[in-house]
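Comments concern the structure below.
2 protein chains.
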Amino acid sequence: MEKNGIPYQFADRIGSLAPSAIREILKVTQDPTVISFAAGNPAAFAFPVEQIREISAKLLETSAEQALQYGVSEGYGPLREQTKERIKRKFGLGTEKDELIITSGGQQALELTAKVLGNEGDAVICENPSFVGALNAFRSYGLKLLGVPVEEDGMDVSAVEKILAEGRRRIAFIYTIPTYQNPTGRTMSLAKRKRLLELAEKYDVVILEDSPYVELSYDETPPPPIKALDTDGRVVYAGSYSKVFSPGIRVGFALAAKPVISKLVVAKQVSDVHTNLFFSMVLSQYLEKYDLDGHIAFVCREYKKKRDFMLSRAEKYLAGVSVSKPGGGLFLWGELPEGFDGFELCRIASEKKVAAVPGSAFLTDETKISNGFRLNFSLPTEEQIEKGMAILGQAVETLLRK
Amino acid sequence: MEKNGIPYQFADRIGSLAPSAIREILKVTQDPTVISFAAGNPAAFAFPVEQIREISAKLLETSAEQALQYGVSEGYGPLREQTKERIKRKFGLGTEKDELIITSGGQQALELTAKVLGNEGDAVICENPSFVGALNAFRSYGLKLLGVPVEEDGMDVSAVEKILAEGRRRIAFIYTIPTYQNPTGRTMSLAKRKRLLELAEKYDVVILEDSPYVELSYDETPPPPIKALDTDGRVVYAGSYSKVFSPGIRVGFALAAKPVISKLVVAKQVSDVHTNLFFSMVLSQYLEKYDLDGHIAFVCREYKKKRDFMLSRAEKYLAGVSVSKPGGGLFLWGELPEGFDGFELCRIASEKKVAAVPGSAFLTDETKISNGFRLNFSLPTEEQIEKGMAILGQAVETLLRK
């Protein structure tokens, strides 16, 4: 008998989303004395607060009735056009076959794509490890996850081909974060991007390209998005304003072939009718009046310093750990020597009041062991990085000595 | 071969959401010379713009970093507490068994409930006609709709019992809008509310009570919500701030037993991570500093005038049509004599540049004929009501003479 009296029967699709042991570790981050490298949050300096303040005040003077009323499910018209123009100019994205929908954050673009393209029991081919929010969105539609390794130059494309050639299940889509992948920070080479698109054409599957970090680039320019190579509308591109403007406003987008966008609009309508209109309008005016690219350049300079500082502390304190040097994004990825467990490291660190996310959190099968762990550098201060990495180093030492 | 080159395979669940003939009729509302009674929008005077302006400015001075950052999936803590306190005080809602989640509008509360409680092929018992946004959300999870008539005193509860007794399909939940139902404007009697809850207990099913209009009450106080009679956490209550504060901000909520809310939070997290934080904070401060009840009383006085004016024009112009006198909400419901088609009426009216929604749009089976049609009185001006109802009267005459 259930504690609340009623033995609720939940849908099967929700059963696979039970709280995991990892969430227990992450609970320590609610303690303000804990140094957290576990977040995925932008730093506060990444929000153009002054400009948002000014635009908001004016909008509420001149256009309050529109901003507070219902909007259309496709999203605020001017913001759609500005976004299309911007990603075309910056990344060569979009052809006449494509259309764009504004979503409630990039997350919703992923969730709606799964809803629209996947029947229960279909499979998604994805990187393993990958972004857990996406994996859970796919699980929540009863999709099976077929993970392939993430190599230094990105997704193991041969492993993708093997799965496609076997053809055991219908593939709803291939999910990839090609640029500054979460959690590994790795970037897929141009050769692999081309090869993946060829495979998608050969086996007639769709690619869902998730690209929240593409603008957070600190060294060389990354290869063009897969969607920029896509001439026949086979790639659904999910983007976000969370990392370069504000995540709290929940504004993202998807660019895809028109028939796909039509279905996404229908799914969006039953999900939350439309994305909040006021901040769609604020963002639109920001894009019109201010220099988002300049703002992003500033944010990147600051993040690059933080990345480099955390890397230097990793070198100083994390003896025996292999740490990636990502060209962008928000995370470092550490790997313990083979046979050691990233979960155990994070457990020890959490007792010492430092939080990191164990690699197993990002696996298609969370019960498997990963020797990896993810460190966020955007949110903690330099002081916190110095202190936290020293403590993490002690935790590594404790673990490796066992 | 598909026009875009790729024959996309969409999920079965989305196939049932194809654009309908009704949407074609509603397209005329994009023409600004059309008088629209087809909307479901609040009037602009229903938004407390001055106060929102003041609070927003202060928030961006003092708490921008918090308001623009990621939040938690449960929703902004103070707003959750204020909402719980308010609906307890006003409607007697909530016990120790219950918890509350902030959603991206009331629509998301319905959609997430379907996701969490219904397996594909399960059924939902609902009013017929009912709110099409809810019906489509249920369809989008492969749920079958079992409609029962809406009588003058609400849902036909005997028909509900018959379906439950037959037990042909698993029932995911019973969906009802007991107060000022959309589209009929009818209100379920207290006796029926009690009976429906008894049936839910007897047959061990959940009730999803959708209550977006409960605060828009113009005559007598409606009976208490079904959720207020619910002692064992069997009712999921969906509420919204769209009709009494602003729909554009997309803030609603669900109150339900704690195990149900836990699942809704998980589903919410994969859907859009969290509801936009800035307006959750604006609303929270509004509730703290201002008098929402007083604002609603003002809105109700204005809407009552508009309802009464539209009713008087219906009496004057719509000969042969039976028009409901709803005690609240945003809509009148007209019924043509038996055998006449509300869709045909709306088609004729749309040619004369007046838009109304045919009753068939709200049916569990849209291909069936309904002699009903829905008229919104919150958005049009008195002048538009006068002119539009006269034209609608001509359309009725044309139809009945055929």
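Chains A and B supply the protein sequences, listed in that same order. Start counting the first sequence at 1431; every next residue gets the next number (this note's numbering). Start counting the second sequence at 1431; every next residue gets the next number (this note's numbering). Just so it is clear, CB atoms sit at the ideal spot from N, CA and C, and this is done for glycine as well.
- Of all residues in the stretch 1536-1547 of chain B, the ones placed with a Cβ closer than 8 Å to any Cβ belonging to chain A are Q1537, Q1538, E1541, K1545, V1546, L1547, in chain order.
- Contacts with chain A (Cβ-Cβ distance below 7 Å) from the stretch 1575-1596 of chain B involve no residue at all.
- When DSSP states are grouped into helix, strand and coil, A:A1602 belongs to the strand group.
- Where A:R1443 is concerned, there is no enclosing beta strand (DSSP E), although the alpha helix (DSSP H) around it starts and stops at 1442-1445.
- For the beta strand (DSSP E) assignment, the uninterrupted runs of no fewer than 3 residues enclosed by the stretch 1604-1680 of chain A are, from N- to C-terminal side, 1637-1640, 1665-1670.
- Against chain A, the beta carbon of B:R1664 has neighbours under 8 Å at I1436, listed in chain order.
- Non-local beta-carbon contacts of A:V1665 in its own chain, meaning distances under 6 Å to residues more than five positions away in sequence, involve I1637, E1639, I1656, K1657 in chain order.
- Remark: C-beta atoms of A:V1826 and A:R1804 do not approach each other more closely than 8 Å.
- Per DSSP, B:V1826 has no beta-bridge partner at all.
- Between B:L1685 and B:I1517, the C-beta spacing is below 8 Å.
- Taking C-beta atoms under 8 Å as the contact rule, A:L1573 and A:V1554 qualify, at a distance of about 5 Å.
- As far as DSSP is concerned, B:D1586 takes part in no beta bridge.
- Under the three-state reduction of DSSP output, A:L1576 falls in the strand class.
- A straight-line Cα-Cα distance of about 6 Å links A:D1702 and B:S1534.
- Non-local C-beta neighbours of A:E1774 in its own chain, meaning closer than 7 Å and more than five positions away in sequence, comprise L1829, ordered along the chain.
- Spatial neighbours of B:F1708 in its own chain (CB-CB distance under 6 Å, excluding positions within 5 residues in sequence) are listed in chain order as A1497.
- Taking 7 Å as the Cβ-Cβ cut-off, the stretch 1482-1512 of chain A approaches chain B at I1482, R1483, S1486, A1487, L1490, A1494, E1495, A1497, L1498, Q1499, Y1500, G1501, given in chain order.
- Ranking B:R1569, B:G1505, B:A1544 by CA distance to the CA of B:G1445 puts B:R1569 first.
- Taking a beta-carbon distance threshold of 8 Å, A:A1567 counts as an interface residue toward chain B.
- Under the Cβ distance rule, A:K1673 does not count among the residues neighbouring chain B, no pair being separated by less than 8 Å.
- Secondary structure note for A:E1765: its beta strand (DSSP E) is the uninterrupted segment 1761-1765.
- Counting other Cβ atoms within 10 Å of its Cβ, A:E1511 stays below 16 and is therefore classed as exposed.
- For A:D1461, the CB contacts under 8 Å within the same chain, skipping 5 residues up- and downstream, are K1783 in chain order.
- Shown here for B:Q1481: same chain residues with a beta carbon closer than 7 Å to its own, the five before and five after excluded, namely Y1716, Y1720 in chain order.
- Of the candidates B:Q1699, B:E1495, B:G1597, B:A1441, B:A1441 places its Cα closest to the Cα of A:I1601.
- Listed by position along chain A, the residues whose Cβ is nearer than 9 Å to that of B:L1646 form an empty set, because the closest Cβ is around 16 Å away.
- Excluding sequence positions up to five before and after B:D1552, its CB lies within less than 6 Å of the CB of L1573, R1600, A1602, all in the same chain and listed in chain order.
- Legend: CB atoms of the stretch 1694-1718 of chain A lying less than 8 Å from CB atoms of chain B belong to residues V1696, A1697, Q1699, V1700, S1701, D1702, V1703, H1704, T1705, N1706, L1707, F1708, F1709.
- Residues A1497, F1708, M1711, V1712, Q1715 of the same chain have their beta carbon placed closer than 8 Å to that of A:L1489, with the five preceding and five following residues left out of the count.
- Among the residues of the stretch 1457-1486 of chain B, those with a Cβ less than 7 Å away from any Cβ of chain A are N1471, A1474, F1477, V1479, I1482, R1483, S1486, in the order of the chain.
- Your pair A:G1772 and A:G1789 checks out as a contact, with CB atoms roughly 4 Å apart and the cut at 8 Å.
- Residue-level contact check: A:G1678 touches chain B, since one or more beta carbons of chain B fall below 8 Å from its beta carbon.
- Secondary structure at A:L1530: strand, using DSSP grouped into helix, strand and coil.
- Any Cβ of chain B closer than 8 Å to the Cβ of A:G1563 would place that residue at the interface, and such an atom is present.
- Beta-carbon to beta-carbon, B:F1792 and B:P1642 are separated by about 15 Å, too far to satisfy the 8 Å threshold.
- DSSP places B:E1557 in the strand class (E or B) of the three-state scheme.
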